[in-house]
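Visitor: Residue numbers (the working numbering), protein chains in the order written: chain A, 8 to 333; chain B, 8 to 333. Even for Gly, the Cβ is constructed at its ideal location relative to N, Cα and C. Quick caveat: nothing in here was measured; it's all calculated off a predicted structure.
Number of protein chains: 2
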Amino acid sequence: MAAYWSRYEGLEEKLDSVRTLIEKKVHIRHTGIKQALVELNSAGGKYLRPAFFFLFEEFGDTPRLDEDKLITAAASLEVLHLATLVHDDIIDDSPLRRGQVTIQSRFGKDVAVYTGDLLFTVFFGLLLESMPGSPYMNVNAKAMKKILVGELDQMSAYYNQAQTVHDYLRAAAGKTAALFKLASREGAYFGGADQEIIRLAGHIGFYIGMAFQMIDDLLDYTEEQSALNKPVLEDIGQGIYNLPLLCALQKNPTAFRPYLDKREDMTEEDVQAVVALMKQEGGLEQARKLAERFTQKAVSAIEQLPNHPAKDLLYNLTKQLLKRSS
Amino acid sequence: MAAYWSRYEGLEEKLDSVRTLIEKKVHIRHTGIKQALVELNSAGGKYLRPAFFFLFEEFGDTPRLDEDKLITAAASLEVLHLATLVHDDIIDDSPLRRGQVTIQSRFGKDVAVYTGDLLFTVFFGLLLESMPGSPYMNVNAKAMKKILVGELDQMSAYYNQAQTVHDYLRAAAGKTAALFKLASREGAYFGGADQEIIRLAGHIGFYIGMAFQMIDDLLDYTEEQSALNKPVLEDIGQGIYNLPLLCALQKNPTAFRPYLDKREDMTEEDVQAVVALMKQEGGLEQARKLAERFTQKAVSAIEQLPNHPAKDLLYNLTKQLLKRSS
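1) To which residues of the same chain is residue 78 of chain B closer than 8 angstroms at the C-beta, ignoring the five residues directly before and after it?
2) Roughly how many angstroms separate the alpha carbons of residue 235 of chain A and residue 72 of chain A, rounded to a whole number?
3) Which value, in whole angstroms, describes the spacing of the CA atoms of residue 12 of chain B and residue 18 of chain B?
4) With a Cβ-Cβ cutoff of 8 angstroms, do residue 331 of chain B and residue 222 of chain B count as a contact?
5) Below 8 angstroms, can you find three or more Cβ-Cβ pairs linking the segment 146-162 of chain B to the segment 177-192 of chain B?
6) So, is the C-beta of residue 98 of chain A closer than 8 angstroms to a C-beta in chain B?
7) According to DSSP, is residue 103 of chain A part of a helix, a strand, or is it coil?
8) Should the segment 56-75 of chain B be regarded as contacting the segment 105-119 of chain B, the criterion being three or more beta carbon pairs within less than 8 angstroms?
9) Candidates A/44, A/87, A/167 and A/197: which alpha carbon is nearest residue 75 of chain A's?
10) Cα separation between residue 145 of chain B and residue 135 of chain A?
11) Report buried or exposed for residue 315 of chain B, applying the criterion of at least 16 other Cβ atoms within 10 angstroms of its Cβ.
12) Does the beta carbon of residue 75 of chain B come closer than 8 angstroms to any beta carbon on chain A?
13) Would you kindly report the start and end of the unbroken alpha helix (DSSP H) that includes residue 168 of chain A?
14) For residue 108 of chain A, which residues does DSSP report across the bridge?
15) Can you find at least 3 beta carbon pairs, one from the segment 284-294 of chain B and one from the segment 250-257 of chain B, that sit closer than 8 angstroms?
16) Would you say residue 275 of chain A lies against chain D (beta-carbon separation less than 8 angstroms)?
17) Assuming residue 128 of chain B and residue 218 of chain A are in contact, meaning their beta carbons sit under 8 angstroms apart, how far apart are those beta carbons, in whole angstroms?
18) Identify which residue in A/209, A/216 and A/307 has its Cα closest to the Cα of residue 177 of chain A.
19) Taking residue 135 of chain B as the query, report the chain A residues whose CB atoms sit under 8 angstroms from its CB, ordered along the chain.
20) For residue 31 of chain A, decide whether its Cβ has a neighbour in chain B, counting only Cβ atoms nearer than 8 angstroms.
21) Could you spell out where the alpha helix (DSSP H) holding residue 247 of chain B opens and where it closes?
22) Determine the chain B residues that contact residue 52 of chain A at a beta-carbon separation under 7 angstroms, and present them in chain order.
23) Excluding the 5 residues preceding and the 5 following residue 35 of chain B in the sequence, name in chain order all residues of the same chain whose CB lies nearer than 6 angstroms to its CB.
24) Along chain B, in chain order, which residues have C-beta atoms closer than 9 angstroms to that of residue 162 of chain A?
25) Does residue 310 of chain A pass the burial test, meaning 16 or more other C-beta atoms within 10 Å, or should it be called exposed?
26) Just checking, does the segment 263-274 of chain A make contact with the segment 298-305 of chain A on the three C-beta pairs under 8 angstroms criterion?
27) Give the residues from the segment 41-68 of chain A that approach chain B closer than 8 angstroms (Cβ to any Cβ), ordered along the chain.
28) Thinking C-beta only, is residue 228 of chain B closer than 8 angstroms to residue 251 of chain B?
29) Are any of the Cβ atoms in chain B nearer than 8 angstroms to that of residue 186 of chain A?
30) Would DSSP call residue 147 of chain B helix, strand or coil?
31) Taking residue 175 of chain B and residue 270 of chain B to be in contact with their CB atoms under 8 angstroms, please state how far apart those CB atoms are, rounded to whole angstroms.
32) Roughly how far, in whole angstroms, is the beta-carbon of residue 225 of chain A from the beta-carbon of residue 298 of chain A, given that I think they are within contact range, below 8 angstroms?
33) With distances taken Cα to Cα, identify the nearest neighbour of residue 285 of chain B among B/191, B/92, B/248 and B/308.
34) Please work out which residues of its chain come closer than 6 angstroms, Cβ to Cβ, to residue 337 of chain A, disregarding the five sequence neighbours upstream and downstream, and give them in chain order.
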């Protein structure tokens, strides 16, 4: 993490405090699980959500919270993210996360269920510590609900060849963009920014989250597994059709049917054939175009922010994050 | 549910409002899951936690919340309970809950993970609606954490023949008693009772919760599966050693070792032999004695409450609940 943020003066230090606070908060008497949580917390994660929080916090003149509480609020965002990661890994049956063995493959799905739940309580506790009685408690509760409804949306679409790009956008809006949006507007709000900037921050976070999810989907096809640290392609066999596939599927559903109809019985060859077909039908290009459209929306919204060093940081960070697919 | 509470005038109506509110709150667009949640909410559950809330609420003169908010607070307790039930069923691989097919066996573990998570957000939302800014927000967060640490305690003890009755008590204090304690003191607090009664309510709830869990464990051995609506005995094969077994195991560990050492490879005959051995070593009597001790603690604490019709209701309810094992 440290290396990633070293060029953003001041930010690195704040994110370091966030990491230390989270480490303290996941202190439970189950040594193994505690260790796994500490590793998950410190390994490879870029702390993007707290980073967006702090970048937008800069746009206010008078923070509504003292420095400690700001750290605590930023930590709550990362902990909510960690909770969903731990539960996601159960769903995906992932052996690895951030290059580390996942909680579910190390301790079993059972432990992973309660460990994720425990992280939700830590999230809840951090909110109560940082912003008791604030209207942002409700904003957080609603964002958390959106994230989970997004996950359920995605899951109820498993193996559904009739799902559309529109369905995808709705699920992504929940499962990924809602948290970036929350981080951004919460940062602006507690930094003491005015209403218009808070609104803008929410939009920027949302667009970045959407583009981020789309690029993640693109990377499934373009990166080596070693670089991505997660099993690629197996999603298709599990009935999770990501953006490039959905773009191609929507264009030519008949071509995919013989393979996708096999559902969990698809062989590796079937999956490879689906990928080839997806490329042939221009799925990657269409998905990339969509990702670019959302990146462009984010950039345009960033340009509307008042001049501030944090604006340039945000601009560069967004470009860098969303360039991953090229 | 209705029949169970019909002799407690006024309570039945309040619990009905709780049920209706929860039904409204679990409204999500995934028709199947929504239906399953509605059924889980209305099927067979006794609403014990909201009931304790309302019974202790009677001990105050001036409620700290209006009637609607009291219903909302009581609903939060049941929703927290439902969330843990949905996740418990994943862990236990239970096909049935309250005589209904569980969410995990109907929709898969994956859906059950997020459905439970969603219930946590509903819990969170209900708290924010009923008691924003109240110190009981923190009490709730801590209770939720205790429940999950209790579950993790139980899970880290799987197949552990060295675990003691003391370990069992600690896990039960978290996973079951913490929520009864919360319901009782929260009821007393929001009813406007004085400090001493709130403290007493917490103790009563805790003792009842402990006894309740112990009796649940006893019922695993004494009731017919059809009456209990859940698979009996399979816990042993899964490494979950409940109170009667732990009592006997602590007394004569050597006798059990040949069977328990087989862990997940135990046959049905092995399990039957373990049960016979448990009975022979007086596991049931010891467990019953412990349950009676906690029941007695609950009853003694109830006797210290000021005179009030709700005191008699509490007394009868406690006796009735904790008599299930005889």
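Guide: Based on what the coordinates show:
1) The residue given as residue 78 of chain B occupies position 71 in the second sequence. The residues are 21, 24, 25 and 28.
2) Locating residue 235 of chain A in the first sequence gives position 228, counting from the first residue. Locating residue 72 of chain A in the first sequence gives position 65, counting from the first residue. With a pLDDT of 41 at residue 235 of chain A, under the threshold of 50, the predicted position of this residue should be treated as unreliable, though the coordinate-derived value follows. Using only the alpha carbons, I get a separation of about 37 angstroms.
3) By one-based count along the second sequence, residue 12 of chain B stands at place 5. By one-based count along the second sequence, residue 18 of chain B stands at place 11. So the two alpha carbons sit approximately 7 angstroms from each other.
4) Within the second sequence, residue 331 of chain B is the residue found at index 324, counting from 1. Within the second sequence, residue 222 of chain B is the residue found at index 215, counting from 1. Contact: yes.
5) yes
6) Here residue 98 of chain A refers to the residue found at position 91 when the first sequence is read from its first residue. Yes - at least one Cβ of chain B is within 8 angstroms of the one on residue 98 of chain A.
7) Residue numbering aside, residue 103 of chain A sits at position 96 when the first sequence is read from its first letter. In this structure, residue 103 of chain A counts as strand in the three-state DSSP scheme.
8) no
9) Taking the first residue of the first sequence as position 1, residue 75 of chain A is located at position 68. It is A/197 whose Cα lies nearest to the Cα of residue 75 of chain A.
10) Translated into the one-based positions of the second sequence, residue 145 of chain B becomes position 138. Translated into the one-based positions of the first sequence, residue 135 of chain A becomes position 128. If I take the Cα positions, the gap works out to 7 angstroms.
11) Here residue 315 of chain B corresponds to residue number 308 of the second sequence, with the count starting at 1. Exposed, because fewer than 16 other Cβ atoms sit within 10 Å of the Cβ of residue 315 of chain B.
12) Numbered from 1 along the second sequence, position 68 holds the residue referred to as residue 75 of chain B. No - not a single Cβ of chain A is within 8 angstroms of the one on residue 75 of chain B.
13) Taking the first residue of the first sequence as position 1, residue 168 of chain A is located at position 161. Unbroken run through residue 168 of chain A: none, as it is neither H nor E.
14) Counting from one through the first sequence, the residue named residue 108 of chain A turns up at place 101. Beta-bridge pairing links residue 108 of chain A to A/103.
15) yes
16) Chain labels in this structure do not include chain D; the protein chains are A and B.
17) Here residue 128 of chain B corresponds to residue number 121 of the second sequence, with the count starting at 1. Here residue 218 of chain A corresponds to residue number 211 of the first sequence, with the count starting at 1. That belief does not hold up - the Cβ atoms of residue 128 of chain B and residue 218 of chain A are roughly 26 angstroms apart, past 8 angstroms.
18) Position 170 of the first sequence holds residue 177 of chain A. Of the listed residues, the one whose Cα sits closest to residue 177 of chain A is A/216.
19) Taking the second sequence and counting its residues from 1, one reaches residue 135 of chain B at position 128. Correct list: 144, 145 and 148.
20) Position 24 of the first sequence, counted from the start, is the residue given in the question as residue 31 of chain A. Judged by the 8 angstroms Cβ criterion, residue 31 of chain A is not in contact with chain B.
21) To locate residue 247 of chain B, count along the second sequence from 1; it is residue 240. Careful: residue 247 of chain B lies outside any alpha helix (DSSP H) and carries neither H nor E.
22) By one-based count along the first sequence, residue 52 of chain A stands at place 45. In chain order: nothing, as chain B lies at least about 20 angstroms away.
23) Here residue 35 of chain B refers to the residue found at position 28 of the second sequence. Hits under 6 angstroms: 41.
24) To locate residue 162 of chain A, count along the first sequence from 1; it is residue 155. Simply 37, 114, 115, 117, 118 and 121.
25) Position 303 of the first sequence, counted from the start, is the residue given in the question as residue 310 of chain A. Exposed, because fewer than 16 other Cβ atoms sit within 10 Å of the Cβ of residue 310 of chain A.
26) no
27) none
28) As a first step, residue 251 of chain B must be located in the second sequence, where it is residue number 244. As a first step, residue 228 of chain B must be located in the second sequence, where it is residue number 221. In contact: residue 251 of chain B and residue 228 of chain B (Cβ atoms closer than 8 angstroms).
29) Looking up residue 186 of chain A in the first sequence gives position 179. Residue 186 of chain A does not count as touching chain B.
30) Counting from 1 along the second sequence, the entry for residue 147 of chain B is found at position 140. Looking at residue 147 of chain B - three-state DSSP - the assignment turns out to be helix.
31) Locating residue 175 of chain B in the second sequence gives position 168, where the first residue counts as 1. Locating residue 270 of chain B in the second sequence gives position 263, where the first residue counts as 1. Not quite, the Cβ-Cβ distance comes to about 19 angstroms (not below 8 angstroms), so this is no contact.
32) On the first sequence, position 218 is the one that residue 225 of chain A refers to. On the first sequence, position 291 is the one that residue 298 of chain A refers to. Yes, they are in contact, since the Cβ atoms of residue 225 of chain A and residue 298 of chain A sit about 7 angstroms apart, within 8 angstroms.
33) Residue 285 of chain B sits at position 278 when you count from the first residue of the second sequence. For the residues B/191, B/92, B/248 and B/308, the minimum Cα distance to residue 285 of chain B belongs to B/248.
34) Any property of residue 337 of chain A remains undetermined from this structure, which presents chain A solely from 8 to 333.
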